[in-house]
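Numbering (this note's numbering), first residue to last: 224 to 614. All C-beta atoms, glycine included, are put in the ideal place defined by N, C-alpha and C. For clarity, every value in this text was computed on a predicted model and none was experimentally measured.
What follows is the structure in structure tokens.
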């Protein structure tokens, strides 16, 4: 990506702070063959941070490497913890925006898990767009088009346009917001809801394994609001959710609901504080890798293995950065669509939790600490006597 101006606010004041070379292009595309997984496409991370809005993005991103299609699997709905969060969020949207009998559009809807929750009210209908949709019946009141949003026109005006964990994948996010606004039929005034990973979790709270090639951008509330403003929408609210890991935003067009109300924005540290946090991130990644390489070596020397629980972005990033020093790591996931497949780059095979007994597991690493309690319960039920530690 040749542009060095901030993708969110347009500022030219961007400072580089972290380089990671040869990372998998797709963390959420697993492979049926080990050799193919090890030969999976790779790209570089050259992360910069905007000195004005604090937006983080990959200056080395090449959109030609990234093509989403069937086989992309990042659903978290198999986790009771995440499912409860999704149900609570969907209920909140239904109640606050009176979605009974209304039309909901979701961009990058995956297999329609969240769209079905939002459309659970009486008379609600949903239209989803996602080229990775595998087919099947999403429900009588939901239709999913296996294509990118904007390829074909919307026939019915939406009342809510929902985009969850999609904007961070766009190399021109402000243009994507503008396209969302222009794609709705003339005369309609929907509410726009967006959810993205919260960059403050990575910079401030230790979520260093969240930097992946698929994500061009890492938003905070200030940069996300700036991006939507550049796209022609007025932000009404931003807030953090899911233990601070996610960032939500609502916006309206001119004349939309609550168009005259003052915006309620989540607090963001000053940009100079964000720059300081970013500058120290490379050192923190190195420190953590030394710590875990030493621990893996100790366990390997005793003949044990480590369960690396979570074979999504965090687990793939962690094991690839560990390299050969992470050879005793066993990727684990509760999503049955991943079982038996191989992680890109390192080529490790994903196992179901039920496969862990008998593998001499000495440590369970939880790649996302928000699931630690849920996973600790599963580990106990499996009869595994090993500490459960969030990474």
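Cutoff 7 Å; reference residue 461; Cβ partners in own chain excluding five residues on either side: Around residue 461, the same chain offers 444, 447, 448, 470, 471, 472, 488, 489 as residues with beta carbons nearer than 7 Å, after the five sequence neighbours per side are excluded.
Determine the direct distance from the alpha carbon of residue 264 to that of residue 293, and round the result to whole angstroms. Confidence at residue 293 is low in this model, with a pLDDT of 49, below 50, so its placement is unreliable and the value that follows should be read with caution. Their Cα atoms are separated by approximately 17 Å.
Roughly how many angstroms separate the alpha carbons of residue 361 and residue 516, rounded to a whole number? Spanning the two alpha carbons is a distance of roughly 44 Å.
Please return the same chain residues whose Cβ sits closer than 8 Å to the Cβ of residue 345, not counting the five positions on each side in sequence. So the qualifying residues of the chain are 323, 324.
For residue 416 and residue 385, which I take to be in contact (beta-carbon distance under 8 Å), what is that distance rounded to the nearest angstrom? Correct: roughly 5 Å between the Cβ atoms.
Residue 293, DSSP secondary structure in three states: With a pLDDT of 49 at residue 293, under the threshold of 50, the predicted position of this residue should be treated as unreliable, and no value is reported.
Between residue 352 and residue 281, what straight-line distance do the alpha-carbon atoms span, to the nearest angstrom? Residue 352 and residue 281 have their alpha carbons spaced roughly 26 Å apart.
Pick from 355, 581, 381: whose alpha carbon is nearest that of residue 370? That would be 355, whose Cα lies nearest to the Cα of residue 370.
So, is residue 499 buried or exposed, given that buried needs 16 or more other C-beta atoms within 10 angstroms? Counting of Cβ neighbours within 10 angstroms places residue 499 among the exposed residues, the total staying below 16.
Residue range of the beta strand (DSSP E) that residue 273 falls in? Counted as a single uninterrupted DSSP element, the beta strand (DSSP E) harbouring residue 273 occupies residues 265 to 273.
Could you spell out where the beta strand (DSSP E) holding residue 426 opens and where it closes? Segment 422 to 427 is the alpha helix (DSSP H) holding residue 426; no beta strand (DSSP E) there.
On the DSSP bridge assignment, give the partners of residue 530 in chain order. Note: residue 530 sits in a beta bridge opposite 553, 587.
Option nearest residue 474 by Cα separation, candidates 438, 400, 327: Measuring from the Cα of residue 474, the nearest candidate turns out to be 400.
Quick one: using the 10 Å Cβ neighbour count with 16 as the cut-off for buried, is residue 374 buried or exposed? Exposed: under 16 other Cβ atoms inside 10 Å.
Does the pairing of the region 506 to 521 with the region 396 to 414 give three or more beta-carbon distances under 8 Å? Result no; under three Cβ-Cβ pairs closer than 8 Å.
Local conformation of residue 249 per DSSP, three classes: Coil, per DSSP.
For residue 420, tell me which candidate among 503, 430, 309 has the shortest Cα-Cα distance. Ranking the options by Cα distance to residue 420, first place goes to 430.
Can you check whether the CB of residue 588 is closer than 9 Å to the CB of residue 532? Yes; because the gap between Cβ atoms is below 9 Å, this pair is in contact.
Cα-Cα separation, residue 269 to residue 390: Approximately 19 Å between the Cα atoms of the pair.
Excluding sequence positions up to five away, which residues of its chain have a Cβ less than 7 Å from the Cβ of residue 570? Residues 257, 260, 261 of the same chain have their beta carbon placed closer than 7 Å to that of residue 570, with the five preceding and five following residues left out of the count.
Coarse secondary structure for residue 415, derived from DSSP in three states: Three-state DSSP puts residue 415 in a strand.
Name the two residues that bound the continuous beta strand (DSSP E) containing residue 463. First-last of the beta strand (DSSP E) with residue 463: 457 to 464.
What is the rounded straight-line gap between the Cα of residue 267 and the Cα of residue 477? Near 40 Å, if we compare the C-alpha coordinates of residue 477 and residue 267.
Distance between residue 595 and residue 553 (C-alpha atoms, nearest Å): Looking at the two C-alpha atoms, the distance is approximately 17 Å.
What are the residues that DSSP puts in a beta bridge with residue 368? Secondary-structure assignment with DSSP links residue 368 through a beta bridge to 352.
Could you pull out every residue in the same chain whose Cβ sits closer than 6 Å to the Cβ of residue 243, ignoring the five residues on either side in sequence? If we look at residue 243 and ignore the five residues flanking it on each side, its Cβ neighbours are 268.
Boundaries (first-last residue) of the beta strand (DSSP E) holding residue 386: First-last of the beta strand (DSSP E) with residue 386: 383 to 387.
Supposed contact pair residue 248 and residue 436 - C-beta distance, whole angstroms, cut 8 Å: Confirmed, about 5 Å.
Measure the alpha-carbon distance for residue 308 versus residue 253 and round it to whole angstroms. Residue 308 and residue 253: Cα-Cα distance of roughly 26 Å.
Residue range of the alpha helix (DSSP H) that residue 450 falls in? Here the alpha helix (DSSP H) through residue 450 covers 444 to 453.
Sorry if obvious, but does the Cβ on residue 602 come closer than 8 Å to a heavy atom of the ligand MN? No copy of the ligand MN appears in this structure; indeed no ligand is present at all.
For the candidate residues 425, 438, 320, whose alpha-carbon lies nearest to that of residue 507? The shortest C-alpha separation from residue 507 is found at 425.
Can you grab the Cα-Cα spacing for the pair residue 626 / residue 347, in whole Å? Here the chain covers residues 224 to 614 and nothing more, so residue 626 does not appear.
Out of 441, 383, 365, which one is the CA nearest neighbour of residue 231? Taking only the C-alpha atoms, the option nearest residue 231 is 441.
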